[in-house]
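Enquirer: Take a look at the following structure, please.
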Amino acid sequence: MRRVVLAAIAALMGWVGSASAQGWNDDRSLARARAATERRARELADSGLVDYKARAHGFLTFLGQIVEEPQSEPPKIVKADELMLQVYWKSPNLSKQLISGRRDTTLLPTDISYHRDHLGIVQNNFPGIIRLGDGDEVLDVPHPLSPTGLSEYDFAVGDSLKIVIPGREITVDILRVRPKDDRQPRVVGAVFVERETGQVVQMAFSFTRSAFRDKALEDISVILESSLVEGRYWLPSRQEIEIRRTGTWLEYPVRGIIRGRWEICCHEVNTGIPASMFAGPEIVATAPPQQLRRGFQGRILDSLPPDVRAVTDEDVRQIQEEARRLVRHQALERRRGAALGVRGISDFVRVNRVEGLALGGALAGRWGGGMVTSAAARYGFDDHFLKARASIAARRASGSAVELFAMNDFRDVGDVQEVSLARNSIAAQEFGSDYTDPYRAMSVGARLRWVAPLGMVWRLEGAAESQHAVAIHAQPASGRYEPTIPALTRRGFRGELSLERGPPLTVGGMSVRGGASLTWVEMKAIDSTSRAIRWVANAETERAFGKARLLTHTLGAGVARTGVHAAQDLVYLGGPVTGPGYEFHAFAARAAAMEHVELQFSVPFVPVPLGRFGRAGGEGTLAPYLHVVYVSGNAARSPDPSDRAAFFPSAGVGFYPPFEILRIDVARGLRDGRWTFGIDLTRDFWRVL
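Sequential numbering of the sequence shown, starting at 47, is according to our numbering.
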């Protein structure tokens with residue numbers, strides 16, 4: 047039933063925010079809404095349902111996500127709680143929920159605590175008003191099927207569903223709901239109503255932005271499902287709630303997500319529950335925390351529903367995105383003012399062999415209607431050169447944008463970042479190990495970003511640009527720097543078209559993400575023209591096998607060029623990510639590729655107490671891997687330079703201590719390579735470093 051219902055919702059959600067939708071507030075729709083409202087008002091009095099009790103099993107997870115744009119990395123689980131409830135209900139509207147079991151695990155340090163009502167289920171599909179987070183998140187929003195709601199919402203009947211149970215066929219109408227005034231605290235969604243009786247079978251809804259009392263809230267989505275008990279009573283069977291908050295770390299939005307998933311079963315109807323059972327708070331624990339942990343089998347993470355790690359089921363996601371589009375539009379219209387605009391810690395301070403110590407900063411201004419301006423500058427104390435960037439953009443709630451920009455800054459030749467900029471600064475300063483290969487680019491142009499269906503993101507950029515080589519100006523505390531690339535001085539046009547999948551796509555249990563880009567350069571160099579067409583394609587996959595995960599990373603790139611050849615057009619591989627066991631950018635060629643295969647599994651580790659921030663679990667993650675680099679002929683920096691194509695394999699092992707904040711790597715290049723050792727923060731944190 048659930049899949050059929052959700053598919054129907056998804057097919058009918060294009061109506062949100064559309065003033066021209068057909069069927070809104072027609073006689074049939076209003077009649078259905080009034081009938082369902084009247085039924086809700088009297089069903090408890092004449093349905094014969096006096097009381098019931100049931101059992102509920104749920105997972106409450108807190109996830110974190112650093113989001114640069116709407117299409118981004120999936121959130122990571124920070125904390126997970128598993129709960130067992132004894133649920134009691136008595137007419138007319140008494141509810142009691144006893145927590146009989148609860149355990150948790152912490153994957154990243156956190157001291158989060160949940161509102162009490164997050165620890166239980168929703169009874170009666172909410173009363174006449176909707177309240178969440180003990181009133182701190184949503185307070186007293188009119189229910190669509192209430193006397194007040196009939197005058198505050200628009201209604202439209204969609205298609206019907208046929209539910210077949212033994213000896214009976216039930217027709218359910220899908221009643222779409224939207225607020226008459228979306229600037230008021232209201233609901234946006236759909237209600238599923240049994241045609242014969244007018245009883246609510248399911249609700250799926252979100253809220254307008256003005257419904258949120260906590261201004262850090264981004265959106266809230268609720269799914270309430272009921273099942274038919276004893277062929278007569280529609281009682282709670284499955285519930286989902288997702289609460290997303292967004293703050294800011296530097297210029298990055300940082301999202302915290304609370305997800306609740308509940309399965310309710312084993313209903314017993316009219317058992318004579320005494321009224322004394324309902325004294326005191328609605329949701330209470332039956333024993334101390336130590337006792338509540340008993341009786342669970344296995345690990346919480348092994349028991350979590352598979353959709354907890356994903357954004358959500360695809361069908362539900364379509365419901366949520368329609369409402370979120372309205373919320374994001376409202377946010378863009380209202381957000382104004384200037385703020386700090388740096389993209390990471392290294393925008394404040396960094397060290398490399400060209401600039402030495404460099405200090406910088408940035409400002410970003412939001413002026414309503416999606417208009418955004420930004421400006422950034424950085425000064426190197428050894429190269430005595432001021433780098434700067436500026437842009438003005440018009441952004442839509444969907445994530446699409448048009449931008450005009452100008453820059454006089456460095457661009458790195460690598461297609462993949464090898465280490466975090468924070469680690470690079472330390473290693474460059476202390477040991478002469480600089481994992482950047484920059485050249486100078488002076489550019490003025492425009493960018494177009496389009497978020498297409500299925501999470502596909504297209505980018506088109508065109509600019510008038512000049513490019514120049516840079517030289518070493520700094521001196522490390524020890525060791526020496528490698529030379530910079532001999533970039534060709536040239537000026538002309540540079541264009542780029544790219545496509546990437548934002549959130550990963552799940553196919554047959556495998557998570558897949560990737561992208562591709564095509565760059566066209568036509569510039570004057572010396573007394574001739576330098577032309578180049580450069581392509582890059584990459585894909586990353588992840589699949590679980592029991593408690594282990596298999597990950598792969600595939601990358602290929604090449605360049606076709608005429609006229610004067612430029613070192614900045616070549617493909618560069620080598621380093622901890624693209625060539626473990628080999629020197630940084632050891633391979634520079636007209637075409638190259640790499641394949642990385644890694645198996646991750648848990649291993650015992652010493653538990654570490656962290657006070658109120660939780661406890662580091664007694665497990666780390668071991669990640670043995672195999673890697674191979676393919677280089678076409680004329681590999682300028684290859685350990686075995688020749689005109690022949692060649693393969694350069696390597697093997698290594700990574701280790702993540704508990705919380706998976708750090709990664710330690712040891713690798714060996716198996717063809718003219720060497721042993722390499724590295725420690726860095728995991729890649730999820732690189733963007734803010």
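For glycine and all other residues, C-beta sits at the position ideal for the given N, C-alpha and C.
All of these numbers come straight from a predicted model, not from anything done at the bench.
On the DSSP bridge assignment, give the partners of CYS311 in chain order.
Expert: Mapped onto the sequence shown, residue 311 falls at position 265. Note: CYS311 sits in a beta bridge opposite ARG101.
Enquirer: Please go through the same chain and pick out, in chain order, the residues whose beta-carbon is closer than 6 Å to the beta-carbon of ALA422, but skip the five residues on each side of it.
Expert: Numbered from 1 along the sequence shown, position 376 holds the residue referred to as residue 422. Excluding residues within five positions, the ones whose Cβ falls inside 6 Å are ALA408, ARG435.
Enquirer: Helix, strand or coil for ASP265, going by three-state DSSP, please let me know.
Expert: Sequence index remark: in the sequence shown, residue 265 carries index 219 (1-based). It is a strand residue.
Enquirer: For ARG48, name the three-state secondary structure that DSSP assigns.
Expert: By 1-based counting over the sequence shown, the position of residue 48 is 2. Residue placement at ARG48 cannot be trusted, given a pLDDT of 43 that sits under 50; the coordinates are not used to answer.
Enquirer: Looking only at C-alpha atoms, which of TYR527, PRO695, GLN646, ARG495 sits nearest to GLY592?
Expert: Taking the sequence shown and counting its residues from 1, one reaches residue 592 at position 546. With distances taken between Cα atoms, GLY592 lies closest to GLN646.
Enquirer: Beta-carbon within less than 6 Å of GLY195's beta-carbon, same chain only, minus the 5 sequence neighbours each way: which residues are those?
Expert: The residue given as residue 195 occupies position 149 in the sequence shown. Excluding positions up to five away in sequence, the list reads PRO188, HIS189.
Enquirer: DSSP three-state call for VAL746: helix, strand or coil?
Expert: Because the chain is modelled from 47 through 735, residue 746 falls outside the range shown and cannot be assessed.
Enquirer: Distance, Cα to Cα, ASP361 vs GLU511?
Expert: Here residue 361 refers to the residue found at position 315 when the sequence shown is read from its first residue. Here residue 511 refers to the residue found at position 465 when the sequence shown is read from its first residue. Because the pLDDT of ASP361 is 42, which lies under 50, any placement of that residue in the model is unreliable, and the question is left without a value.
Enquirer: Work out the CA separation of ALA410 and ARG74 for me, nearest whole Å.
Expert: One-based indexing of the sequence shown puts residue 74 at position 28. One-based indexing of the sequence shown puts residue 410 at position 364. Near 50 Å, if we compare the C-alpha coordinates of ALA410 and ARG74.
Enquirer: Can you check which of these residues, ALA487, TRP581, LEU596, is closest to ARG636 by C-alpha distance?
Expert: In the sequence shown, the residue the question calls residue 636 occupies position 590. Here the closest residue by C-alpha is TRP581.
Enquirer: Going by Cα to Cα distance, which pick from TYR199, VAL652, THR587, ILE438 is closest to ASP227?
Expert: Your numbering for residue 227 matches position 181 in the sequence shown. When each option's Cα is compared against that of ASP227, the closest is TYR199.
Enquirer: Check ALA81 in the structure and name its three-state DSSP category.
Expert: As a working mapping, residue 81 is identified with position 35 in the sequence shown. Looking at ALA81 - three-state DSSP - the assignment turns out to be helix.
Enquirer: Using the beta-carbon count (16 or more within 10 Å), is ASP359 buried or exposed?
Expert: Position 313 of the sequence shown holds residue 359. Low per-residue confidence applies at ASP359: pLDDT is 41, beneath 50, and the placement is therefore not dependable, though the value from the model is reported in the following sentence. Buried is the call here.
Enquirer: Just to confirm, is the Cβ distance from LEU619 to ALA638 under 7 Å?
Expert: In the sequence shown, counting from the first residue as 1, residue 619 sits at position 573. In the sequence shown, counting from the first residue as 1, residue 638 sits at position 592. It is a contact, given that the beta carbons lie within the stated cut-off.
Enquirer: Looking at the structure shown, is TRP732 part of a helix, part of a strand, or coil, going by DSSP?
Expert: Numbered from its first residue, the sequence shown carries residue 732 at position 686. TRP732 falls in the helix class under three-state DSSP.
Enquirer: From this set, MET488, ARG469, SER444, GLY525, which residue's C-alpha is nearest ARG495's C-alpha?
Expert: Here residue 495 refers to the residue found at position 449 of the sequence shown. Among MET488, ARG469, SER444, GLY525, the Cα nearest to that of ARG495 is on SER444.
Enquirer: Can you name the start and end residues of the beta strand (DSSP E) that ASN398 belongs to?
Expert: Here residue 398 is taken as the residue at index 352 of the sequence shown, counted from 1. 395-398 is the extent of the beta strand (DSSP E) around ASN398.
Enquirer: Along the chain, where does the alpha helix (DSSP H) that runs through GLU198 open and close?
Expert: For the purposes of this step, residue 198 is taken as the residue at position 152 of the sequence shown. Taken as a continuous stretch (DSSP letters only), the alpha helix (DSSP H) holding GLU198 covers 193-198.
Enquirer: Can you say whether GLN337 is buried or exposed, counting buried as having 16 or more other CB atoms within 10 angstroms of its CB?
Expert: Along the sequence shown, one-based indexing puts residue 337 at 291. Result: exposed.
Enquirer: Whose C-alpha, out of ARG278, GLY174, TRP732, CYS311, is nearest the C-alpha of GLY104?
Expert: Residue numbering aside, residue 104 sits at position 58 when the sequence shown is read from its first letter. Nearest C-alpha to GLY104: CYS311.
Enquirer: Among MET502, VAL567, LEU564, ILE725, which residue has its Cα nearest to the Cα of ALA30?
Expert: Lying outside 47 to 735, the shown extent of the chain, residue 30 is not represented and no answer is given.
Enquirer: Which residues in the same chain as SER141 place their Cβ atom closer than 6 Å to its Cβ, once the five residues preceding and following it in sequence are excluded?
Expert: The residue labelled residue 141 in the question sits at position 95 within the sequence shown. So the qualifying residues of the chain are TRP135, GLN169, GLU328.
Enquirer: Report the option in PRO225, MET249, ILE287 whose CA atom is closest to the CA atom of ALA236.
Expert: As a first step, residue 236 is located in the sequence shown; it is residue number 190 there, counting from the start. The candidate whose alpha carbon is nearest that of ALA236 is MET249.
Enquirer: Please name the residue in SER252, GLY554, ARG259, ARG717 whose C-alpha comes closest to that of TYR628.
Expert: For the purposes of this step, residue 628 is taken as the residue at position 582 of the sequence shown. Among SER252, GLY554, ARG259, ARG717, the Cα nearest to that of TYR628 belongs to ARG717.
Enquirer: Roughly how many whole angstroms lie between the Cα atoms of ARG720 and ASP428?
Expert: On the sequence shown, residue 720 is found 674 positions in, with the first residue counted as 1. On the sequence shown, residue 428 is found 382 positions in, with the first residue counted as 1. Using only the alpha carbons, I get a separation of about 32 Å.
Enquirer: What residue from VAL247, GLU476, ALA612 has the CA that sits closest to ALA221's CA?
Expert: Position 175 of the sequence shown holds residue 221. Per the sequence shown, the amino acid found at residue 221 is Leu instead of Ala. Minimum Cα distance to LEU221 is reached at VAL247.
Enquirer: Just to confirm before moving on: does the CB-CB distance between ARG224 and VAL234 stay below 7 Å?
Expert: Taking the sequence shown and counting its residues from 1, one reaches residue 224 at position 178. Taking the sequence shown and counting its residues from 1, one reaches residue 234 at position 188. Cβ atoms of ARG224 and VAL234: closer than 7 Å.
Enquirer: Could you check where the alpha helix (DSSP H) with ALA474 kicks off and where it finishes?
Expert: Locating residue 474 in the sequence shown gives position 428, where the first residue counts as 1. Per DSSP, ALA474 belongs to the alpha helix (DSSP H) from 467-477.
Enquirer: Got a sec? Which residues, its chain only, sit under 6 Å from GLN132 by beta carbon, not counting five neighbours each side?
Expert: Along the sequence shown, read from residue 1 onward, the residue named residue 132 stands at position 86. Same-chain partners within the cutoff: LEU144, SER146.
Enquirer: Grouping DSSP H, G and I as helix and E and B as strand, with all else coil, what is SER563?
Expert: Along the sequence shown, read from residue 1 onward, the residue named residue 563 stands at position 517. It is a strand residue.
Enquirer: Ends of the alpha helix (DSSP H) at GLN337?
Expert: Counted from its first residue, the sequence shown places residue 337 at position 291. Note, GLN337: alpha helix (DSSP H), 335-338.
Enquirer: Need the endpoints of the beta strand (DSSP E) that ASN508 sits in, please.
Expert: Position 462 of the sequence shown holds residue 508. Note on residue identity: the sequence assigns Gly, not Asn, to residue 508. First-last of the beta strand (DSSP E) with GLY508: 502-514.
Enquirer: Using the Cα positions of SER648 and ALA439, report the straight-line distance between them to the nearest angstrom.
Expert: Locating residue 648 in the sequence shown gives position 602, where the first residue counts as 1. Locating residue 439 in the sequence shown gives position 393, where the first residue counts as 1. One C-alpha to the other measures close to 45 Å.
Enquirer: Buried or exposed: ILE365, going by 16 or more other Cβ atoms within 10 Å of its Cβ?
Expert: On the sequence shown, residue 365 is found 319 positions in, with the first residue counted as 1. Reliability of the predicted coordinates at ILE365 is poor, the pLDDT of 48 falling under 50, and the value obtained from them is presented with this limitation in mind. Buried, since its Cβ has 16 or more Cβ neighbours within 10 Å.
Enquirer: Which residues does DSSP pair with LEU76 in a beta bridge?
Expert: As a working mapping, residue 76 is identified with position 30 in the sequence shown. LEU76 pairs with nothing; no bridge assigned.
Enquirer: Inspect the beta-carbon positions of TYR485 and GLN513 and report whether they are closer than 7 Å.
Expert: In the sequence shown, residue 485 corresponds to position 439, counting from 1. In the sequence shown, residue 513 corresponds to position 467, counting from 1. The answer is yes: Cβ separation under 7 Å.
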